[in-house]
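Trainee:
Protein chains: 2
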Amino acid sequence: MATGHTDPQRRERILAATLDLIADEGIARVSHRKIAARAGVPLGSMTYHFSGMDDLLREAFGRFTDHIVAVFDAYLSAPADPEQARAAVADLVHVLSEGSQRDLVLTQELYTLAARQPAYRELTQEWMRRSRVHLEKHFDPDTARQLDALIEGLTLHRALAQEPHGRTLTLEAIARITATGAPAR
Amino acid sequence: MATGHTDPQRRERILAATLDLIADEGIARVSHRKIAARAGVPLGSMTYHFSGMDDLLREAFGRFTDHIVAVFDAYLSAPADPEQARAAVADLVHVLSEGSQRDLVLTQELYTLAARQPAYRELTQEWMRRSRVHLEKHFDPDTARQLDALIEGLTLHRALAQEPHGRTLTLEAIARITATGAPAR
DNA sequence: ACCGTGAGTGTACGATCGTACGCTCCAAAG
DNA sequence: CTTTGGAGCGTACGATCGTACACTCACGGT
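Protein chains in written order, with our numbering: chain A, 604 to 788; chain B, 604 to 788.
If you want it as structure tokens, here you go:
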């Protein structure tokens, strides 16, 4: 018994392939077979490692939020004062809205799931909570909340707009929202 | 020939059933058969009225944007001055984020499609354009753009948040974004 | 050297899907 | 009344799907 025979990389490869496939084709077109082909694993591995499609999707989006939260952390933990924080937020908005189509698409797929199923809503709530913690290092809680929503809206509108707005407008919006919100320092 | 035999209500019922089904189960689970059952039409009507699934979805979301743009119009065309406009925007955010789950879910499904396919992006762009036209009646173009993004973010975060923020915070955010943007009056 | 065990796989089954297409049948033309 | 064309429908086909499950086989214990 206990043959050290297992391969933990299999699981990870399957999860990565799942996210890649969703980014390329959308949740509507995912299937165990396509994921297996992409990950280079036999079909039987799907039901062996995951109890079903729902289980697989939940875990895959868990990995995705880990990744996207890490991006937020990377941008929002560095700044040392409110002014640097504003610049970092602007960077974040522009990276998210014009960087890889992958993250943008996956974010929308996640929001769509979250709008309907509480299990996924918890993932987005954790994400929102984490980003607000960072923002509250430089702004009061109410301002942080408003700024968090603004980031969301600016990112989405920039990503979908025919002529995306420039960095100047992003910075102006951030400055306005945070104008009266960082008095204590 | 030219038997006035056609029934235009069939098409509409199919489109309405399509949106209902998407709101209930998500695009991933729609099928011609389920839509037909919901609309009370035979399966054959699906391929008769629409050239395929893609065609059907595109037209259905066209109807949806017509509806949601009408909601925007209803709220944003009434106000007579910037102060009333701010209140109307706050109303809009709260109606969209706590009203029918249906509109929220369909909006997210549409954004997900728009993030990947240009055909759907045109729908969201038209919607964004229309709402900005209304906002520009009371605020300068840059402010209108920022406010439009803020509406998006506030609505989504309020809809997904564990403890949605109150109207006071909504109004404060709107006031901040529009504070310096409505000088001409 | 032999077995037991459990990780990992190949395959097959029943369900469901999108779509094509031949058919019905009503209304207008003659 | 007979003809006829097109609107609309029922059905069947091939593809694809999720999942269950019997199986293989390398390894650790004896």
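Backbone N, C-alpha and C fix where the C-beta goes; we use that ideal spot for every residue, glycine too.
1. Please classify D658 of chain B as buried or exposed, where buried requires at least 16 other C-beta atoms within 10 Å of its C-beta.
2. Counting only beta-carbon separations shorter than 8 Å, does H670 of chain B have a partner in chain A?
3. Which same chain residues end up closer than 7 Å to R641 of chain B when comparing Cβ atoms and leaving out the 5 residues on each side of it in sequence?
4. Please name the residues in the stretch 693-727 of chain A whose beta-carbon is closer than 7 Å to at least one beta-carbon of chain B, in chain order.
5. Going by DSSP, what residue range makes up the alpha helix (DSSP H) through V554 of chain A?
6. To which residues of the same chain is K586 of chain A closer than 7 Å at the C-beta, ignoring the five residues directly before and after it?
7. With 8 Å as the threshold, decide whether the Cβ of M649 of chain B is near any Cβ in chain A.
8. Looking only at its chain, what residues have a beta carbon closer than 6 Å to the beta carbon of L695 of chain B, apart from the 5 residues adjacent to it on each side?
9. Note the first and the last residue of the continuous alpha helix (DSSP H) segment covering S680 of chain A.
10. Assuming R733 of chain B contacts V672 of chain B under a Cβ cut-off of 8 Å, what Cβ separation, rounded to an integer in Å, is found between them?
11. I need the straight-line Cα distance from H737 of chain B to V708 of chain A, nearest angstrom please.
12. Taking the alpha-carbon of A718 of chain A as reference, which of B:A717, B:L713 and B:A776 has the nearest alpha-carbon?
13. Which residue comes first and which comes last in the alpha helix (DSSP H) that contains S648 of chain A?
14. Can you give me the Cβ contacts of H768 of chain B inside the same chain, cut-off strictly under 7 Å, excluding the 5 residues immediately before and after it?
15. Suppose you measure from the CA of L757 of chain B to the CA of L646 of chain A; what does that come to, to the nearest Å?
16. Comparing alpha-carbon positions, which option in B:G629, B:Q765, B:T668 and B:R689 lies nearest D751 of chain B?
17. I780 of chain B and L759 of chain B - do their beta-carbons sit closer together than 8 Å?
18. Quick test of your reading: R748 of chain B and L772 of chain A, contact by CB under 8 Å. State the CB separation rounded to the nearest angstrom.
19. Drop a sphere of 10 angstroms on the beta-carbon of P723 of chain B, count the other beta-carbons inside from all chains shown, and report buried for 16 or more, exposed for fewer.
20. Classify S843 of chain B: buried if its beta carbon has 16 or more other beta carbons within 10 angstroms, exposed otherwise.
21. Given a cut-off of 8 Å on the beta-carbon distance, is the pair V644 of chain A and R616 of chain A in contact?
22. Compare the C-beta of I754 of chain A against all C-beta atoms of chain B and say whether one is closer than 8 Å.
23. Going by CA-CA distance only, name the one from B:L660, B:E739, B:E766 and B:Y651 that's closest to P682 of chain B.
24. Do E662 of chain A and L854 of chain A count as a contact pair if the criterion is CB distance below 8 Å?
25. Within 10 Å of its beta-carbon, does D669 of chain B have 16 or more other beta-carbons around it, so buried, or fewer, so exposed?
26. Nearest CA to the CA of L774 of chain A: which residue from A:H697, A:E701 and A:Q728?
27. Check whether the Cβ of I780 of chain A lies closer than 8 Å to any Cβ atom in chain B.
28. Would you tell me roughly how many angstroms separate the C-alpha atoms of M649 of chain B and R613 of chain B, rounded to the nearest one?
29. With S734 of chain B as the anchor, note down where its alpha helix (DSSP H) starts and where it stops.
30. Is the CB of A776 of chain B under 8 Å away from at least one CB in chain A?
31. Could you pull the start and end residues of the alpha helix (DSSP H) that G756 of chain B belongs to?
Mentor: Taking the structure as given:
1. exposed
2. no
3. A620, D623 and L624
4. L707, V708, Q711, E712, Y714, T715, A717, A718, R719, R724 and T727
5. There is no way to answer for residue 554 of chain A, as the model of chain A reaches only from 604 to 788.
6. This structure cannot settle anything about residue 586 of chain A, because the visible part of chain A is limited to 604 through 788.
7. no
8. Y678
9. Taken as a continuous stretch (DSSP letters only), S680 of chain A belongs to no alpha helix (DSSP H), as it is neither H nor E.
10. Indeed, because the Cβ distance is near 5 Å, the residues count as touching under 8 Å.
11. 29 Å
12. B:L713
13. G647 to H652
14. R761
15. 43 Å
16. Closest by alpha carbon: B:R689.
17. no
18. 6 Å
19. The sequence given here has Tyr at residue 723 of chain B, not Pro. The residue is buried, with at least 16 neighbouring Cβ atoms inside 10 Å.
20. This structure does not reach residue 843 of chain B, given that chain B is present from 604 up to 788, and the question cannot be answered.
21. yes
22. yes
23. When only C-alpha atoms are compared, the closest one is B:E739.
24. As displayed, chain A neither begins before 604 nor continues past 788, which places residue 854 of chain A out of reach and without an answer.
25. exposed
26. A:H697
27. yes
28. Just so you know, the alpha carbons of M649 of chain B and R613 of chain B end up roughly 10 Å apart.
29. P721 to L738
30. yes
31. Boundaries of the alpha helix (DSSP H) harbouring G756 of chain B: P744 to L763, taken from the DSSP string.
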